[in-house]
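S.K.: This is the structure I have questions about; it appears just below.
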Amino acid sequence: MTAERSEPQLHRLTTPHTAAVVGIVFAVLFATSIVLIRQAIPADPFGTTEWLDAGRSRLTVALMLAQFACIAFLWFIGALRHRLGDLEDQFFSTVFVGSGLLFLALILVTMASAGGLLLADQAEAVPAQESAAFAHALILQISNVYSIRMAAVFMISLATIWLRTGLMPRWLVLPTYLLALVLLFAVTEALWLTLVFPAWVVVISVFLLTHARQAFPPRRVFRPRT
């Protein structure tokens, strides 16, 4: 007699309960990199380029931290999307994921611009003061304006999803709308405004961690159809 072959038991991939930790990791790394960049880069892009030498070490550390912050944010998006589960809507999810990816892209462009400026200065290849000023202004514009706007759209789309589905309590949804509107329409370039987004990510991550059992369902056994 031939032994009866048992069907393989496959396990459906599920998000671990501690997945929201990556949100806190992102917030810490991103906030630290932003503070270091603000300390290294002056607010006036049309001044001298002496800050390139004075702030080189801070910028180098900020660029390294920002890379890992972006990786952590990708995992954070995944944790939030898993929280939606079967309640996910294509329209709102497209805006939610798309704005998050655009935010990441803008941050990476900012860091690449800063890194390129550092390399050019180190190799003494900066052709003129005007070129350094352009790169400086580009870094400030992307980090202070465009990436912040995408972060606001990310927050608004998530708040709308949470409001319609009831996945999050209203005491989290309403402040999310308020903070997102501040980021969307504020014209100031104050440091605290840039740090609003990572602070919000920390609050959401802590909530998901404290409600992990409800946020991330237990693993289920998946049996293939015969």
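Counting from 1 along the sequence shown, just add 49 to a position and that's the residue number in my numbering. The C-beta atom is built at its ideal place from N, Cα and C for all residues, glycine as well.
#1: Would you kindly work out how many angstroms separate the C-alpha atoms of S196 and L244, rounded to a whole number?
#2: The alpha helix (DSSP H) with T237 in it runs from where to where?
#3: Considering only the alpha carbon of each residue, which of L242, G215 and T209 lies closest to V194?
#4: My assumption, with CB atoms under 8 Å, is that L32 sits in contact with L78. Please give the rounded CB distance.
#5: Where does D138 sit, in a helix, a strand or coil, going by DSSP?
#6: For P267, does the three-state DSSP call read helix, strand or coil?
#7: A182 and F256 - do their beta-carbons sit closer together than 8 Å?
#8: Nearest to L187 by CA position, among I90, S206, T259 and V71, is which residue?
#9: Have a look at F265 and A92 and give me their C-alpha separation to the nearest angstrom.
#10: Can you tell me the Cα-Cα spacing of R87 and L227, whole angstroms?
#11: Can the beta-carbon of G149 be found closer than 8 Å to that of F75?
#12: How many whole angstroms separate the CB atoms of S162 and A128, which I take to be in contact at a CB cut-off of 8 Å?
#13: Quick one, are the C-beta atoms of V110 and R130 less than 8 Å apart?
#14: Restricting to Cα atoms, I'd like to know which of A229, L240, A235 and E137 is closest to T214.
#15: Is it right to say W220 is buried, meaning 16 or more other beta carbons lie within 10 angstroms of its own, or is it exposed?
#16: CB-CB under 7 Å to A80, same chain, minus the five flanking residues each way: which ones, in chain order?
#17: Kindly indicate which residue of G164, F122, L230 and F141 has the alpha-carbon position closest to the one of L153.
#18: Report the residue ranges of all alpha helix (DSSP H) runs contained in full by the segment 186-267; include only those spanning at least 4 residues, in chain order.
#19: Does F234 pass the burial test, meaning 16 or more other C-beta atoms within 10 Å, or should it be called exposed?
#20: Would you mind reading off the limits of the alpha helix (DSSP H) that contains F117?
#21: To the nearest whole angstrom, what separates the beta carbons of A115 and S82, a pair I think is in contact under 8 Å?
#22: Please report how far the alpha carbon of V222 lies from the alpha carbon of A200, in whole angstroms.
#23: From A69 to L216, what does the alpha carbon distance come to, in whole angstroms?
M.R.: Looking at the coordinates:
#1: 12 Å
#2: From DSSP, T237 is part of no alpha helix (DSSP H); its letter is neither H nor E.
#3: L242
#4: Summary: the structure shown does not reach residue 32, with the chain confined to residues 50 through 275, and so no result is reported for it.
#5: coil
#6: Per-residue confidence for P267 stands at a pLDDT of 44, beneath the threshold of 50, marking its modelled position as unreliable; the derived number appears in the next sentence. DSSP places P267 in coil when its eight states are reduced to three.
#7: no
#8: Minimum Cα distance to L187 is reached at I90.
#9: Confidence is the limiting factor: at F265 the pLDDT is only 46, short of 50, which leaves the residue's position unreliable, though a coordinate-based value still follows. Using only the alpha carbons, I get a separation of about 43 Å.
#10: 25 Å
#11: Contact flag unset, no.
#12: 29 Å between Cβ atoms; not a contact.
#13: no
#14: Ranking A229, L240, A235 and E137 by CA distance to the CA of T214 puts E137 first.
#15: exposed
#16: L244 and P247
#17: F122
#18: Correct list: 196-214, 219-234, 240-243, 245-259 and 261-264.
#19: exposed
#20: R105 to L133
#21: 4 Å
#22: 15 Å
#23: 15 Å
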